[in-house]
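Residues in the sequence shown are numbered consecutively from 1, following full-length UniProt numbering.
The beta-carbon is built from N, C-alpha and C at its ideal position, and this holds for glycine as well.
For clarity, every value in this text was computed on a predicted model and none was experimentally measured.
Remarks on the structure that follows.
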Amino acid sequence: MGIRSVLFGVSGPPVDLDTAAEPDHFRDLNLDHVVTAIVRANPDCRLAPYFHHPVRDADLVRFRQDVFRDLDDRDVLTVVERFAASMRTTRRRVELVARVTHPPQRDRWFLDIALAHLDMLTAFADGLDAVPIRSDGLRAVRDDVREHTRSPGFRSLRDRAERLRDRLAAVRYDMLLRDDKITVARHEAPDDVDFTARVLATFDRFRRRTPYDYRKDAVAAEVATMSTVEANVLDLVVRLHPDLFAELAAFHAEQRDLVPADVVRLDREVRFYLGYLAYLRPLRDAGVATCLPEVSETRGFVAHEVVDVALAAMVLAGGVRPVANDVRLTGAERILVVSGPNQGGKTTLSRTVGQLHYLAALGCPVPGREVRVFLADRIFTHYERKESIDTGAGKLAEELHRMAAILRRATPDSVIILNEIFTSTTVQDARMLSETVLETITELGALCVWVTFIDELSRHNDTTVSMVSTVTDDNATRTYKLVRAPADGRAYAHAIARKHGLTYEQLTARVAR
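Structure below.
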């Protein structure tokens, strides 16, 4: 049966997984920043396709969430991290050995790699047996890995490798050095004769004062090469034991694909979990709340103390704590109209809502105290883009074209995020176009977050809700806190200008100086 998928359960990965393209909305929601950071930290595992493939199966989402819950246990996490680290070491060593040009040496290093890999799988099975596992995903992995390590094929391979190692360790030979000639012969000196002290004394003046410890890494790049003299000596030893080294070469040839495909896949899949948790770790360490979203069977959206995950990672790196917000759409509410002063956090809130829906569909924890979502079939975004030089279309025409495409493809189960659209035309035309789009979305019943300067949209009907970004009492400083409140139509442009020294009075005073 092999090792079952810890991401997709008994059904296994979809056949088109590795061809999954980056979703259209990724860059608008800054999710590309998140995935790029995770992939950069795990360059050897091709993790991006997993993050490009959300699921709509609520049971599969909960399956993944249970794995994340298990990994919140430090002991479970340590066992899985050790497996992933060992797999990374195995890959690195196999790549290094492939560059060794001397066959007997290459075959010997490969035997060491094989033994280490077999030991690692056994230790992984033992480790999973020793920790509390509650998720179906990791329980299946534990059972399958244990079955694999107890299988006749695994035991036979391990016995064969250990016998080869022991036979090689028993090889003894004598070297006779005379002038520039080296003679290698079978070991014939009595066992109680030891020339070590005499040889060390003879070559003492050539000895490195701080000798390199070759036990540190048997296949490090500086070790996995031989000088010409060493290689020639080994060739002579091979001639003394042709059958043994022929068996060693056969072992390498037969086990060239050392790591089974399902173990390779398991490594990729656990790195999805580990990579995302590593990305969240600085947020958690800074006190940002995280949770596993509740997947609701009914439409609606509730989010308490949520932040933009990409922005939070960036500002925390600079020592700034992100501002959390609360959002909810319940009952008949489907459209959240966000307005208020510029640079007040409106676009960030819209991205946050989109991120929460997407990350929930991956089964991932999200930055927030409490989140409840309905699994969307698609997420559509409409953020500002540059005018198209290729098509010659103006900005308004391009916006209308994109908006029409969204409305054609969206369903009642979709999430639509609109950010400051129709800003390139007059206020009157923007209001007319926006009302037409809003009416279409209302009839469709899709969940929508709309950042706009047109306050009237928030009073369209009982499906629309208003949120506004807030400022300090002097109207000069943005708090990045958004609250449910009627839109008041104030843009606070004068406060922004005063903050940056750009009011009429400030400019004329500088000119006068």
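For this session: Would you check if there are 3 or more beta carbon pairs closer than 8 Å linking the segment 275-289 to the segment 304-322?
Result: The count of Cβ pairs closer than 8 Å, one atom from the segment 275-289 and one from the segment 304-322, reaches three, so the stretches are in contact.
Problem set entry | Beta-carbon spacing of Val451, Ser296 below 8 Å | For Val451 and Ser296, no; Cβs fall outside 8 Å.
Exercise. Measuring CB to CB, does Phe301 end up less than 8 Å from Leu447?
Worked result: Cβ distance < 8 Å, so Phe301 and Leu447 count as in contact.
Exercise. Quick one: is the Cβ of His33 within less than 7 Å of any heavy atom of the ligand SAH?
Worked result: The ligand SAH is not part of the structure shown, which contains no ligands of any sort.
Problem set entry | Between the CA atoms of Arg409 and Gly445 - distance to the nearest angstrom | Gly445 and Arg409: Cα-Cα distance of roughly 13 Å.
Exercise. Hey, His357 and Ala376: beta-carbon distance below 8 Å or not?
Worked result: Cβ distance < 8 Å, so His357 and Ala376 count as in contact.
For this session: Could you say which of Val237, Glu294, Val315 lies nearest to Pro282 if we only look at CA atoms?
Result: Nearest option by C-alpha distance: Val315.
For this session: Please classify Pro367: is it buried, with 16 or more other beta-carbons within 10 angstroms of its beta-carbon, or exposed?
Result: The residue is buried, with at least 16 neighbouring Cβ atoms inside 10 Å.
Exercise. Among the residues of its own chain, which have a CB less than 8 Å from the CB of Asp18, if the five just before and after it don't count?
Worked result: Only Arg46, Pro49 meet the Cβ criterion.
Exercise. Mapping DSSP to helix, strand and coil, what is Thr508?
Worked result: Helix, per DSSP.
Problem set entry | When Ala405, Asp455, Ile417 are compared against Glu435, the one with the closest alpha-carbon | When only C-alpha atoms are compared, the closest one is Asp455.
Exercise. So Glu420 packs on Glu384, CB below 8 Å; how close in whole Å?
Worked result: The beta-carbon distance between Glu420 and Glu384, rounded to whole angstroms, is 6 Å. This is short enough to meet the 8 Å contact definition.
Exercise. Which same chain residues, not among the five before or five after Ala487, have their C-beta less than 7 Å away from its C-beta?
Worked result: Cβ neighbours of Ala487 beyond the five flanking positions: Ser339, Asp455, Ser458, Ser466, Val468.
Exercise. Going straight from the alpha carbon of Gly2 to that of Arg372, what length do you get?
Worked result: For Gly2 and Arg372, the distance between alpha carbons rounds to 35 Å.
For this session: Could you check how far apart the C-beta atoms of Pro23 and Ala361 are, in whole angstroms? I think they sit under 8 Å.
Result: The pair is not a contact, with the Cβ atoms about 10 Å apart (cut-off 8 Å).
Problem set entry | Supposed close pair Leu71, Phe8 - CB separation, criterion 8 Å | Incorrect: roughly 17 Å between the Cβ atoms, too far for contact.
For this session: Inspect the beta-carbon positions of residue 560 and Glu398 and report whether they are closer than 8 Å.
Result: It is not possible to answer for residue 560, since the shown part of the chain is limited to 1 through 513.
Problem set entry | Ile441 (DSSP reduced to helix, strand or coil) | Note: Ile441 maps to helix in three-state DSSP.
Exercise. Should Asn461 go down as buried or exposed, given a rule of 16 or more other Cβ atoms within 10 Å for buried?
Worked result: Exposed: under 16 other Cβ atoms inside 10 Å.
For this session: State the DSSP-derived secondary structure class of Arg178, mapped to helix, strand or coil.
Result: In the three-state reduction of the DSSP assignment, Arg178 falls in the strand class, which pools E and B.
For this session: Return the bridge partner residues of Met467 from the DSSP annotation.
Result: BP columns for Met467 point to Val338, Arg484.
For this session: Please classify Asp308: is it buried, with 16 or more other beta-carbons within 10 angstroms of its beta-carbon, or exposed?
Result: Asp308 should be labelled buried.
Exercise. What residues in its chain sit with their C-beta under 7 Å from that of Val259, if we drop five residues either side in the sequence?
Worked result: These residues qualify, in order along the chain: Thr90, His117.
For this session: Tell me whether Glu22 sits in a helix, a strand or coil according to DSSP, three-state version.
Result: DSSP places Glu22 in coil when its eight states are reduced to three.
Problem set entry | the segment 171-180 in contact with the segment 231-248 per 3-pair CB rule at 8 Å | Yes, the segment 171-180 touches the segment 231-248.
Exercise. What's the call for Ser414, buried or exposed, on a 16-neighbour Cβ count within 10 Å?
Worked result: The C-beta of Ser414 has 16 or more other C-beta atoms within 10 Å across all chains shown, which makes the residue buried.
Exercise. Taking DSSP as the reference, what is the three-state secondary structure of Thr330?
Worked result: In the three-state reduction of the DSSP assignment, Thr330 falls in the coil class.
Problem set entry | Opening and closing residue of the alpha helix (DSSP H) in which Thr423 lies | In the DSSP assignment, Thr423 falls outside any alpha helix (DSSP H) and carries neither an H nor an E.
For this session: May I ask you to list the residues that DSSP assigns as paired with Gly363?
Result: BP columns for Gly363 are empty, so no partner.
Exercise. Near Asp143, what residues of its chain come up, given a Cβ to Cβ distance below 7 Å and the 5 sequence neighbours on each side ignored?
Worked result: For Asp143, where only same-chain residues beyond five positions count, there are no Cβ hits under 7 Å.
Problem set entry | Among Leu115, Asp204, Leu359, Glu147, the one whose alpha carbon lies nearest that of Arg160 | Residue Leu115 holds the alpha-carbon nearest to the alpha-carbon of Arg160 among Leu115, Asp204, Leu359, Glu147.
Exercise. Lys181: buried (16+ other C-beta within 10 angstroms of its C-beta) or exposed?
Worked result: The residue in question, Lys181, is exposed, as its Cβ has fewer than 16 Cβ neighbours within 10 Å.
For this session: Going by DSSP, name the residue or residues bridged to Glu294.
Result: In the DSSP secondary-structure assignment, Glu294 is bridged to Arg372.
Problem set entry | Pairwise C-alpha distance: Leu240 and Arg74 | Approximately 52 Å between the Cα atoms of the pair.
Exercise. Would a C-beta distance cut-off of 8 Å place Val34 and Tyr279 closer than the cut-off?
Worked result: Yes, the pair counts as a contact, with Cβ atoms nearer than the cut-off.
Exercise. To the nearest angstrom, how far is it from the Cα of Arg207 to the Cα of Ile38?
Worked result: Arg207 and Ile38 have their C-alpha atoms roughly 46 Å apart.
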